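Q: Below is a structure I'd like to ask you about.
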Amino acid sequence: MLALNEVGKTYPNGVHALERFSAEIRPGEIIAIIGGSGCGKSTLLRAIAGLDRASTGMVTLDNTIITSPHAKIGIIFQEPRLLPWLSVADNIGFGLAELPAGVRRERVAAALARVGLTDKAAAWPRELSGGQAQRVAIARALVPQPEVLLLDEPFSALDAFTRRDLQDHLLDLWADTRPTLILVTHDVDEAVVLADRVIVMRPRPGRLFAEITVNLARPRDRNSELFDTFKRRVLTALDRSLDRNVRDVTDKSNAGEAMWW
Amino acid sequence: MAMTVDLPALDQGDAGARRAAAARWSRFARPALGLALPVALALGWELVVHLGWSNGRLVPPPSKVFATIMELAKSGELTRHILATLWRVGAGFVLGVVAGTIMGAISGYWGLARRLLDPTVQALRAIPSIAWVPLFILWLGIFETSKIALIAVGVFFPVYLGVMGAILSVDRKVVEVGRVFRLSGFAMIRRILLPAVLPAYVVSLRVGLGLGWMFVVAAEFMGASEGLGYLLIDGQQLGKPAQILAAIVIFAILGKLTDWLIEVAAAPLLRWQDAFGARGGA
Chain A
-10 MLALNEVGKT YPNGVHALER FSAEIRPGEI IAIIGGSGCG KSTLLRAIAG LDRASTGMVT
50 LDNTIITSPH AKIGIIFQEP RLLPWLSVAD NIGFGLAELP AGVRRERVAA ALARVGLTDK
110 AAAWPRELSG GQAQRVAIAR ALVPQPEVLL LDEPFSALDA FTRRDLQDHL LDLWADTRPT
170 LILVTHDVDE AVVLADRVIV MRPRPGRLFA EITVNLARPR DRNSELFDTF KRRVLTALDR
230 SLDRNVRDVT DKSNAGEAMW W
Chain B
3 MAMTVDLPAL DQGDAGARRA AAARWSRFAR PALGLALPVA LALGWELVVH LGWSNGRLVP
63 PPSKVFATIM ELAKSGELTR HILATLWRVG AGFVLGVVAG TIMGAISGYW GLARRLLDPT
123 VQALRAIPSI AWVPLFILWL GIFETSKIAL IAVGVFFPVY LGVMGAILSV DRKVVEVGRV
183 FRLSGFAMIR RILLPAVLPA YVVSLRVGLG LGWMFVVAAE FMGASEGLGY LLIDGQQLGK
243 PAQILAAIVI FAILGKLTDW LIEVAAAPLL RWQDAFGARG GA
């Protein structure tokens, strides 16, 4: 269980990025965090990853307080961030340095096959397309078998087709070991197609605005009416989150019905 | 209708042959292109002297320079001078590189050391290194030590600056990848920082080596009894321009050769680079 307890962050330059954010996230749950810019989404993710320390509150994973990067927490960034001097295979195996070479090779080969890039094992990162590079980044993060995988707008730099492709692929990979996924995104479509729960945040300072449970069976049909209904709920919450005069609401699942449009 | 054009097998073979020809062209003809100008100039001058339009006393023709080199080589003099110079450049280069790398790494990695050390190093860098010569001779004597010290000083600065700059400009995002995988300080250096700074480091080594060659001449101007720099001075004092040119030509060859050695040694480590130059440029 990943628990966020009143996590807040004020940067040294005085920017109040995140205010008392609390949430409990069950193992295997997929959470999408969505909100306008400056609502502390990335700050929150970096605090969970242990890359930045929260100013107030704390992040705990199975009762361990997270203050620095943790073996059970992986992260995928907006850019693939592959190491240009390592081959694709060595990039994927980067987090397995402690394992014996034979085991490492096996796990890397399996991961390469799983993301469909076996033929690129010996290629340099510069020889990959954007989508391929991000797939390598996903494989690199998943190969140490994290319990929590954080994704910071992982597909936002890709074209629409590749993005869809990778969203489906991510779900597919997730099903293998079912880690907790926490995904920061700008894309309502992406949030609804992936998440069990969509958390809408409001800016300045960043805090939780609304929570929408997406109880749709997977695989989800992006063209179904129900899908649209959930999308509209998220959109409405997003719209309202940007209106500074609105009271905070933390409504579950029926958020949409309470709103007018 | 689909707009695919299937080449007949024959044409494809032709295209293959053309590609092979193009590859041969880029492998042999392109370097040859660089030789065209100097060779033409040398031949031109040779012709001018041969036709008697100039006596070539102050600017001896290539054949005379070549003859001088052969003469020096036959007597064993040339080897002695080359070895003396190579030893000085080698020793000075190694000292300069070791000092520059260590201090550059400390300044780049550790902010406090940089604030403490860097202003002084930068101030020293502003001094023309030749200005050290009298002091070095007083301190270290007229023989090898002062010469090697001067060369080491020349090599030190570009290596120091290159290493420090390279470490400071390592992408924060790549370092963060190391943090995510919980690399310890040493592993972070070995697995992230070192490979990231390597391209810039190789460049700084090459710049340093170039300066090493420059400074060995200055060092050998001050009272050497052997070395290529001594050949220069000796040629001037005895009025032997062919000997001066011979020494200059050998400097050029050795400089290019040692630079090429660094390049070749580093090439396997830098294959991953996606550089403009690696593709042969435009």
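Line by line, the protein sequences give chains A and B. Counting in this note's numbering, the first sequence runs from -10 upward without gaps. Counting in this note's numbering, the second sequence runs from 3 upward without gaps. Built from N, CA and C at the ideal position, the CB exists for glycine as well. This structure is a prediction, so every number in the text was calculated from the model and none was measured.
Alpha helix (DSSP H) containing A:Ser230: first to last residue?
A: To locate residue 230 of chain A, count along the first sequence from 1; it is residue 241. 214 to 230 is the extent of the alpha helix (DSSP H) around A:Ser230.
Q: Where does A:Thr169 land, buried or exposed, given buried means 16+ other C-beta within 10 angstroms?
A: For the purposes of this step, residue 169 of chain A is taken as residue 180 along the first sequence, with counting starting at 1. A:Thr169 should be labelled buried.
Q: For B:Tyr162, count the other beta carbons within 10 Å of its own beta carbon; 16 or more makes it buried, fewer makes it exposed. Which is it?
A: In the second sequence, residue 162 of chain B corresponds to position 160, counting from 1. Buried is the call here.
Q: In its own chain, which residues sit with a C-beta less than 6 angstroms from the C-beta of A:Arg93, not counting the 5 before and 5 after it?
A: Walking along the first sequence from the start, residue 93 of chain A turns up at place 104. Result list for A:Arg93: Gly82, Leu85, in chain order.
Q: Taking B:Ser206 and B:Pro270 to be in contact with their CB atoms under 8 angstroms, please state how far apart those CB atoms are, rounded to whole angstroms.
A: One-based indexing of the second sequence puts residue 206 of chain B at position 204. One-based indexing of the second sequence puts residue 270 of chain B at position 268. Not quite, the Cβ-Cβ distance comes to about 19 angstroms (not below 8 angstroms), so this is no contact.
Q: How about B:Arg192: is its C-beta nearer than 7 angstroms to some C-beta of chain A?
A: In the second sequence, counting from the first residue as 1, residue 192 of chain B sits at position 190. Taking Cβ atoms only, chain A never reaches closer than 7 angstroms to B:Arg192, which makes this a no.
Q: Below 7 angstroms CB to CB, which residues in the same chain sit around A:Arg193 once its five sequence neighbours on both sides are set aside?
A: For this step, residue 193 of chain A is matched to residue 204 along the first sequence. Counting only Cβ-Cβ distances below 7 angstroms, and skipping sequence neighbours, we find Gly27.
Q: Along the chain, where does the alpha helix (DSSP H) that runs through B:Lys149 open and close?
A: Numbered from 1 along the second sequence, position 147 holds the residue referred to as residue 149 of chain B. Where B:Lys149 is concerned, the enclosing alpha helix (DSSP H) stretches over 146 to 170.
Q: Taking B:Phe95 and B:Gly212 to be in contact with their CB atoms under 8 angstroms, please state how far apart those CB atoms are, rounded to whole angstroms.
A: Here residue 95 of chain B refers to the residue found at position 93 of the second sequence. Here residue 212 of chain B refers to the residue found at position 210 of the second sequence. Rounded, the Cβ-Cβ distance is 10 angstroms, inconsistent with contact.
Q: Measuring CB atoms only, is the segment 48 to 63 of chain A touching the segment 197 to 209 of chain A, in the sense that at least three cross pairs come out at less than 8 angstroms?
A: At 8 angstroms Cβ cutoff, the stretches do not touch.
Q: Going by beta carbon distance, what residues of the same chain come within less than 8 angstroms of B:Leu272, once the five residues before and after it are set aside?
A: The count along the second sequence starts at 1 and reaches residue 272 of chain B at position 270. Only Leu200, Pro201, Val204 meet the Cβ criterion.
Q: Give me the subset of the segment 173 to 199 of chain B whose CB atoms are less than 7 angstroms from a CB atom of chain A, sorted by chain position.
A: Residues passing the 7 angstroms Cβ filter: Lys175, Val176, Glu178, Val179, Arg181, Val182, Phe183, Arg184, Pro197.
Q: Given a limit of 9 angstroms on CB to CB distance, which residues of the segment 63 to 78 of chain A reach chain B?
A: Answer in chain order: Gly63, Ile64, Phe66, Glu68, Arg70, Leu71, Leu72, Pro73, Trp74, Leu75, Ser76.
Q: Count the other CB atoms, across all protein chains shown, that sit within 10 Å of the CB of A:Gln123; report buried if there are 16 or more and exposed otherwise.
A: Taking the first residue of the first sequence as position 1, residue 123 of chain A is located at position 134. Per the 10 Å Cβ criterion, buried.
Q: Quick one: what's got a C-beta closer than 7 angstroms to B:Arg193's C-beta in the same chain, skipping five residues either side?
A: As a working note, residue 193 of chain B is residue 191 in the second sequence. The answer, listed in chain order, is Gly180, Leu185.
Q: Quick check: what's the CA-CA separation for A:Ser230 versus A:Leu155?
A: Along the first sequence, one-based indexing puts residue 230 of chain A at 241. Along the first sequence, one-based indexing puts residue 155 of chain A at 166. So the two alpha carbons sit approximately 28 angstroms from each other.
Q: Just the chain A side, please: which residues come within less than 7 angstroms of B:Trp274 by C-beta, in chain order?
A: The count along the second sequence starts at 1 and reaches residue 274 of chain B at position 272. Per Cβ cutoff of 7 angstroms: Pro73, Trp74, Trp113.
Q: Under the assumption that A:Leu139 contacts A:Val189 (Cβ atoms under 8 angstroms), give the Cβ distance between them as a whole number of angstroms.
A: Here residue 139 of chain A is taken as the residue at index 150 of the first sequence, counted from 1. Here residue 189 of chain A is taken as the residue at index 200 of the first sequence, counted from 1. That pair is no contact at about 18 angstroms.
Q: Between the segment 44 to 62 of chain A and chain B, which residues of the former have CB atoms less than 9 angstroms from a CB of the latter, in chain order?
A: Ser57, Pro58, His59, Ala60, Ile62
Q: Tell me, please, whether the segment 142 to 153 of chain B touches the segment 10 to 26 of chain A by the rule of three or more beta-carbon pairs shorter than 8 angstroms.
A: no
Q: What are the partner residues of A:Val189, as DSSP defines its beta bridges?
A: On the first sequence, residue 189 of chain A is found 200 positions in, with the first residue counted as 1. Within the DSSP secondary-structure output, A:Val189 pairs in a beta bridge with A:Ile23, A:Ala199.
Q: Counting only C-beta atoms, is A:Gly119 closer than 7 angstroms to chain B at any point?
A: Reading the first sequence from its first residue, position 130 is the one you call residue 119 of chain A. No, A:Gly119 lies away from the interface with chain B (no Cβ there is under 7 angstroms from its Cβ).
Q: Taking the beta carbon of B:Val41 as the centre, do at least 16 other beta carbons fall within 10 Å, making it buried, or is it exposed?
A: Numbered from its first residue, the second sequence carries residue 41 of chain B at position 39. B:Val41 is classed as exposed because its beta carbon has fewer than 16 other beta carbons within 10 Å across all chains shown.
Q: Kindly say whether A:Gly84, judged by its beta-carbon, lies nearer than 7 angstroms to any beta-carbon of chain B.
A: To locate residue 84 of chain A, count along the first sequence from 1; it is residue 95. With 7 angstroms as the cut-off, A:Gly84 counts as an interface residue toward chain B.
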